[in-house]
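*Asks:*
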Amino acid sequence: MTDNTLLEAKVLLLEHDPEQYQILSEFCQSMGLMALPRSASDALATLAMHKDLGGVLLADDLPCDEGDALQLARAIHKLRPELPIFLRRSSEGDSDSELTPAQQLVVRHRWVTGDLVQLRAAIEHAIFSLSYPRSLVQGISDLTCESLVAMFPNAKVLAESPYVVHDRIIHGEVSTLIPIESTWCRGYMMLQTEENALRQGLIQGFSYEGVGGDLNFRELNNMLGETTNLIWGAFKNRYIPPQELSKQQTQVPIVINHAHKYISFGSQDPQLCLRYQLSDPARPGMPPLVIVQRVIFNLHWSPEEFADFEAHATKAGPTGELDLF
Numbered sequence: 019m020t021d022n023t024l025l026e027a028k029v030l031l032l033e034h035d036p037e038q039y040q041i042l043s044e045f046c047q048s049m050g051l052m053a054l055p056r057s058a059s060d061a062l063a064t065l066a067m068h069k070d071l072g073g074v075l076l077a078d079d080l081p082c083d084e085g086d087a088l089q090l091a092r093a094i095h096k097l098r099p100e101l102p103i104f105l106r107r108s109s110e111g112d113s114d115s116e117l118t119p120a121q122q123l124v125v126r127h128r129w130v131t132g133d134l135v136q137l138r139a140a141i142e143h144a145i146f147s148l149s150y151p152r153s154l155v156q157g158i159s160d161l162t163c164e165s166l167v168a169m170f171p172n173a174k175v176l177a178e179s180p181y182v183v184h185d186r187i188i189h190g191e192v193s194t195l196i197p198i199e200s201t202w203c204r205g206y207m208m209l210q211t212e213e214n215a216l217r218q219g220l221i222q223g224f225s226y227e228g229v230g231g232d233l234n235f236r237e238l239n240n241m242l243g244e245t246t247n248l249i250w251g252a253f254k255n256r257y258i259p260p261q262e263l264s265k266q267q268t269q270v271p272i273v274i275n276h277a278h279k280y281i282s283f284g285s286q287d288p289q290l291c292l293r294y295q296l297s298d299p300a301r302p303g304m305p306p307l308v309i310v311q312r313v314i315f316n317l318h319w320s321p322e323e324f325a326d327f328e329a330h331a332t333k334a335g336p337t338g339e340l341d342l343f
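See the structure below:
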C-alpha cells in the first residue's frame, strides 16, 4: 500500500504472545490495517459480526480450547475462504514441509516470527493488490455524499474512512447493483443497507416530506434504487468521457447465495468499500442509518489509464438529463 491510496483494511488479529501482539499492533498501524484482536474462543463469532474483513493474522501456537491453530484456520477458511490467512511460524525450524497440502491451501501466506519484511510483502500482495488513487477514492466519496444529501436532505451524512475488503458477505437485506464503465474501468457499484434501519430513517424524516410512514419493502427498494441511480449519474458526469467506450464484451457470472448473503463477482481482487452514516441532527442518540457502498472493478481496472483520463479530463457540470431504468 502507498501513501496515495488513503485505504485501510480490517484484519482479525489472533495473537497470544504479549511481545508479538505489541509488535503486530504497531505493524498494523504502519500498514493501514485496523486490527481486531481476539482469542481463539471468539474468533468465529467475530466473523459473524464483521462482514467486511481483509484478512486474518494467526499465530501457529495460539492456545485453543479444542484442537490447535491449524484446525482454527480450517474453520475460518471454511466459513470465509476468500479471506487470506497469514500464519506466524514460531521458529525457523517450522518449514512448509510440516504442513500437509490441504493445510497449505488454507494458510497460503506463512511468515517466520521476526521477519516483518516477509509479512509486509505478503500483505501487500494479498490484501492491497489493487492501488486506488487518492483522487478517485475521494471523488467517489464526495459525489456519493452529495447524492445522499440530495435524497435524504434532512439527515446528517458522514463518510467513514474508505478501506478495502476481501469478504463477499452482503451487509443488510436491501442491496442494489449497477454496472459502471469508463475507458479505465469496468465493473459494478453496490449499495447495501438494513431494511429496518432504512425504514426507521424514513419514518424519522430523513427524506422529503411525505416519504415515510408504513413503507413496504418494494418502496424501500425503490428508494435505494433511486439513490443508486443518482450516484451513478454523478459518476457518469465526472468519470465517463463523451467519446466511445471500449468495445470489450468480456463478462463473468455473478454468483449470489441468498441464504448465506454471499455475492461473488468472479474475481479475488479486493473491493473498494465506503460506509456512510445518516443520522438525525435533532436526535443525536438514535442509531444512524448505515449505507455501505462497494465498488468492484472486476472486469477492467487500470490506474495508469485513470491517471491519463484525469490529466486530460475537463470538469463536467450538470447535464440536466435524468436517467431512468
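Note that the numbering used here has the sequence shown beginning at 19, numbered continuously upward. A virtual CB, placed ideally from N, CA and C, is assigned to each residue, including glycine.
#1: Pick out whichever of Glu237, Pro299, Leu290 and Leu25 has its Cα sitting closest to the Cα of Asn316.
#2: CB-CB under 6 Å to Glu178, same chain, minus the five flanking residues each way: which ones, in chain order?
#3: With burial defined as no fewer than 16 other Cβ atoms inside 10 Å of the residue's Cβ, what is the status of Glu26: buried or exposed?
#4: In terms of residues, what are the limits of the alpha helix (DSSP H) holding His127?
#5: The beta strand (DSSP E) that contains Cys291, what's its start and end?
#6: Quick one: measure Cβ to Cβ for Pro288 and His184, integer angstroms, because I've assumed they're closer than 8 Å.
#7: Express the C-alpha separation of Pro260 and Ile198 in angstroms, rounding to a whole number.
#8: Where do the ends of the alpha helix (DSSP H) carrying Asn247 lie?
#9: From Leu88 to Pro99, what distance separates their C-alpha atoms?
#10: Assign Gln210 to buried or exposed, taking buried as 16 or more other Cβ atoms, counted over all protein chains shown, within 10 Å of its Cβ.
#11: Is the CB-CB distance between Leu161 and Ala252 below 7 Å?
#12: Thinking C-alpha only, which one of Arg128, Leu117, Trp319 and Ser200 is nearest Ile103?
#13: Quick one: using the 10 Å Cβ neighbour count with 16 as the cut-off for buried, is Lys96 buried or exposed?
*Replies:* According to the structure data:
#1: Leu290
#2: Arg293
#3: buried
#4: Premise fails: His127 lies in the beta strand (DSSP E), His127 to Val130, not in any alpha helix (DSSP H).
#5: Gln289 to Ser297
#6: 6 Å
#7: 14 Å
#8: Phe235 to Tyr257
#9: 14 Å
#10: buried
#11: yes
#12: Arg128
#13: exposed
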